[in-house]
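Residue numbers (the numbering used here), protein chains in the order written: chain A, 10 to 125; chain B, 22 to 134.
Yeah, the Cβ is synthetic: ideal placement off N, Cα and C, and Gly gets one too.
No experiment lies behind these values; they were computed from the predicted model shown.
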Amino acid sequence: AQSVTQLDSQVPVFEEAPVELRCNYSSSVSVYLFWYVQYPNQGLQLLLKYLSGSTLVKGINGFEAEFNKSQTSFHLRKPSVHISDTAEYFCAVSDRGSSNTGKLIFGQGTTLQVKP
Amino acid sequence: ETGVTQTPRHLVMGMTNKKSLKCEQHLGHNAMYWYKQSAKKPLELMFVYNFKEQTENNSVPSRFSPECPNSSHLFLHLHTLQPEDSALYLCASSQDGQGTEAFFGQGTRLTVV
């Protein structure tokens, strides 16, 4: 069975500082990996995804993530955060297998709190 | 702007009421999903539909009844709910159910009183 662990429930950071949100996954098969962002009272918006190819993927709003197969990690980074980046961030995994229904398995979420 | 629209955005219902949540996607996708998001818990997959057929029921109580009349519409019928069912219910869709990307609606905030 697949699982996703987001290692930090809350990450406080000052504006313009760099940030890394950590995500580890476990799966017995090859996976697709995603980061979603959720602003208050909103649905989830896709930040970036890893399907294949380059292990460094770039997303919207200046975020990027690196797929590390040996460490089963997919950490999210941004070199300089803004107040507007304050939100909940979710890491998710889906199974590449032929029996896949396309379902996503989510981590518990990390609250990014950007302080002025 | 999202291609997945959920109505209503907010719903308060008593434990003896019957209500329905609606989801509509304008993306031409063939797979649709219901997720439940409770406070302090990860998002929980409830149901999966591919080409209008239910392909997954994640041990959801029968007081939640999904319906998918076509690939663009998904409903969640609610009856005899409990206060612990209060949560944000999110609908999502994907192109082909192969796990490449899901698009989410803004959710329905349900409160059971």
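Who does residue i pair with in a DSSP beta bridge?
i: A:Tyr41; result: A:Ser103
Identify the continuous beta strand (DSSP E) that holds residue i and give its terminal residues.
i: B:Leu95; result: His94 to His100
i: B:Glu36; result: According to the sequence displayed, residue 36 of chain B carries Met and not Glu. It is not in any beta strand (DSSP E) - B:Met36 carries neither H nor E in the DSSP assignment.
i: B:Pro90; result: Phe85 to Asn91
i: B:His47; result: From DSSP, B:His47 is part of no beta strand (DSSP E); its letter is neither H nor E.
i: A:His91; result: First-last for A:His91: undefined, no H or E at that position.
i: B:Ala52; result: Ala52 to Gln58
Is residue i helix, strand or coil when you go by DSSP?
i: B:Glu122; result: coil
i: A:Ser191; result: Past the edges of chain A, shown from 10 to 125, lies residue 191 of chain A, and the structure says nothing about it.
i: A:Phe70; result: According to the sequence shown, residue 70 of chain A is Asn rather than Phe. Reduced to three states, the DSSP call for A:Asn70 is helix.
i: B:Pro82; result: coil
i: B:Glu65; result: strand
Please state if the CB of residue j and the CB of residue i are separated by a distance shorter than 8 Å.
i: B:Glu93; j: B:Gln46; result: The amino acid occupying residue 93 of chain B in the given sequence is Ser; Glu does not appear at that position. Going by C-beta atoms, B:Ser93 is nearer than 8 Å to B:Gln46.
i: A:Leu53; j: B:Leu111; result: yes
i: B:Ala138; j: B:Lys57; result: Since the first residue of chain B shown is 22 and the last is 134, residue 138 of chain B is not available in this structure.
i: A:Cys100; j: A:Gly116; result: yes
i: A:Phe119; j: A:Leu30; result: Residue identity check: residue 119 of chain A is Thr in the sequence provided, not Phe. Taking 8 Å as the Cβ cut-off, A:Thr119 and A:Leu30 qualify as a contacting pair.
i: A:Arg105; j: A:Val38; result: yes
When burial is assigned at 16 or more other CB atoms within 10 Å of the CB, is residue i buried or exposed?
i: B:Met53; result: buried
i: B:Pro90; result: exposed
i: B:Pro29; result: exposed
i: B:Asp106; result: buried
i: A:Tyr98; result: buried
i: A:Ala74; result: buried
i: A:Lys58; result: buried
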